[in-house]
Structure formats: C-alpha cells, structure tokens
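Below: one structure, written as structure tokens.
Numbering (the working numbering), first residue to last: 48 to 328.
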C-alpha cells in the first residue's frame, strides 16, 4: 500500500526553501519553522499543524540552536478531491461514475491549527509507522484517507465559523475571516516583539478601528489581551518544561519588566511564576 504523495521527515538547525508544492500538512517538534505566504507569516511548532494548498508559493525558514524535527505530508494533486467526492456524492452516482475526476481543486484555510484529538492522533500514528519503517502490514493509503477526511471536517467547521460572523455578504465574511486570521498568525509568529495595534491592523489590511472591532467579534478579546494570553501560555510551558531562569523567560517573551510579568502571571494563573514552576516538578 503506497502513500498518495510523499512524507518529509528530517531534522535541521538551519534550513531555507522557497517554491510551491502539493497540498500539505506541516508539523514540527523540538523547535519551530517560520513560513511566509504572500503577506502572511506562520510559525509552526509542536503545539500546532499548518495546512498549505496545492500550488501555493511559500518560503520556509528554520534557525535554531538544536535540531528542529519536521514531519510534513504532501498529497498528490486530486487526492483530497477524491476523498471529498466519496463523502458527498450519492452511492448510485459513484456506482455509475466511480472514476469521474473533480476538475476544481479544493481550497483549505491556510493557517495554523491547534493539535486536536482526531487529526493529531492520526498524524502521530503515521509518524510512528514511518519512523519504524512499518509498511508491510500498514495500510498507508487508508490512513491517508482518514487524515484527509479529518482535514475536510476541519474545513467544514471553518465554514460554520465564517457563516456565524455578523450579517455580511458571504464573500465579504470569508475575506474578513482570512484577514483577521492572517493578523492572528502574525501575532503568534512575533508574540515576543513589541507589536502595536497599527502594525497588526496593517497586516490584516484593515484600519486600526475596524480591525479592533472585528477582532473582538471573532476572538472575543482585544488584540492586546490576546497577545498577553499567548505570552503567558508560553511562559507556563517554559516554566514547566525547562530550567530557564524566570527573569530570562520574562524578557524572552516580550514582557517589559519582571514586575509586570509576575503581576500578570499571578492575576491570570493564580500563583507566582516561581510557585507555578514548583507545582509542576
């Protein structure tokens, strides 16, 4: 059984590539990769996966002190469409036209997604199989179908999110959604920098006031508070998983002072950074 495409599983401290490829799912561990697609920046680490459409030009850059491990799936053109057709087409039509191709390629929302129980478990299973060269008894094409089915479910959920936006024309809702998520991705990629409302709104190609209002509607918080939440989540990971000094963590995450970091951490998490680290050991 052959995988309908190819798998890239490598480690690198430094890497740069630009071009375009097939529909792909990108995952990384032990570090992060930074992708650039048009006006957007997308940071992918072990907390998320990233989807890139077929034929989409992009660049990828890795710069790290220790090797970053990539596990990326590339699906041949038309495979996702075949799976989609099998899910939405009537049984009778499939019997009459079992091999009829879909001429139009599906379009997926190009953004990072938090690891979920279904898709991420499938990716983990495939990674284990690939690492162990466990191919003989492993139906790779069946697993690939399951993975694409899960990606299609994610795509369907996004359509529901878009339709839930305030009353606008459908095409306007989709454009607003993608611009806001482009800004969100920028914040995730550069959360340790002193970002301003004007800068983030510029990434979304919106006026600052329109961006602020729309961002609150879809994410239910302000851009500033969202940025603080990202930093505090990263702080919790660093406190529990590393031995970095608390002061070093504070400034590495973009906080201006140890006092403000400790105050915000205690207010949101309920204890001091030192106590939190002690509780996780």
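From the three backbone atoms N, C-alpha and C, an ideal C-beta is built for every residue, glycine too.
Here the structure is a predicted model, which is why all the values come from computation and not from measurement.
{"Check": "Cβ-based burial, residue 154 [other Cβ within 10 Å; buried from 16]", "Outcome": "exposed"}
{"Check": "Best match in 95, 116 and 84 for proximity to residue 60 [C-alpha to C-alpha]", "Outcome": "116"}
{"Check": "Chain C contact for residue 295 (CB, 8 Å cutoff)", "Outcome": "This model lacks chain C altogether, as it is built from one protein chain only."}
{"Check": "Status (buried if at least 16 other CB within 10 Å, exposed otherwise) for residue 101", "Outcome": "buried"}
{"Check": "When 229, 72 and 269 are compared against residue 198, the one with the closest alpha-carbon", "Outcome": "72"}
{"Check": "Cβ distance (whole Å) where residue 205 is taken to contact residue 170 below 8 Å", "Outcome": "Not quite, the Cβ-Cβ distance comes to about 19 Å (not below 8 Å), so this is no contact."}
{"Check": "Beta bridge counterpart(s) of residue 110 as assigned by DSSP", "Outcome": "61"}
{"Check": "Residue closest to residue 95, alpha-carbon to alpha-carbon, out of 283, 87 and 77", "Outcome": "77"}
{"Check": "Uninterrupted beta strand (DSSP E) stretches inside the segment 226–312 (no shorter than 3 residues)", "Outcome": "none"}
{"Check": "Opposing strand residues paired with residue 75 [DSSP bridges]", "Outcome": "117"}
{"Check": "Among 57, 164 and 122, the one whose alpha carbon lies nearest that of residue 152", "Outcome": "122"}
{"Check": "Beta-carbon gap between residue 226 and residue 243 smaller than 8 Å", "Outcome": "no"}
{"Check": "As assigned by DSSP and simplified to three states, the class of residue 169", "Outcome": "helix"}
{"Check": "Residue 80 - partner residues in DSSP beta bridges", "Outcome": "91"}
{"Check": "Span of the alpha helix (DSSP H), counted from its first residue to its last, around residue 159", "Outcome": "Per DSSP, residue 159 belongs to no alpha helix (DSSP H); it is in the beta strand (DSSP E), 159–161."}
{"Check": "Length of the line joining the Cα atoms of residue 85 and residue 66", "Outcome": "12 Å"}
{"Check": "Environment of residue 63 [buried if 16+ CB atoms lie within 10 Å]", "Outcome": "exposed"}
{"Check": "Pair within 8 Å by beta-carbon distance, residue 98 and residue 80", "Outcome": "no"}
{"Check": "Environment of residue 325 [buried if 16+ CB atoms lie within 10 Å]", "Outcome": "exposed"}
{"Check": "Limits of the alpha helix (DSSP H) - the one that residue 199 falls within", "Outcome": "187–210"}
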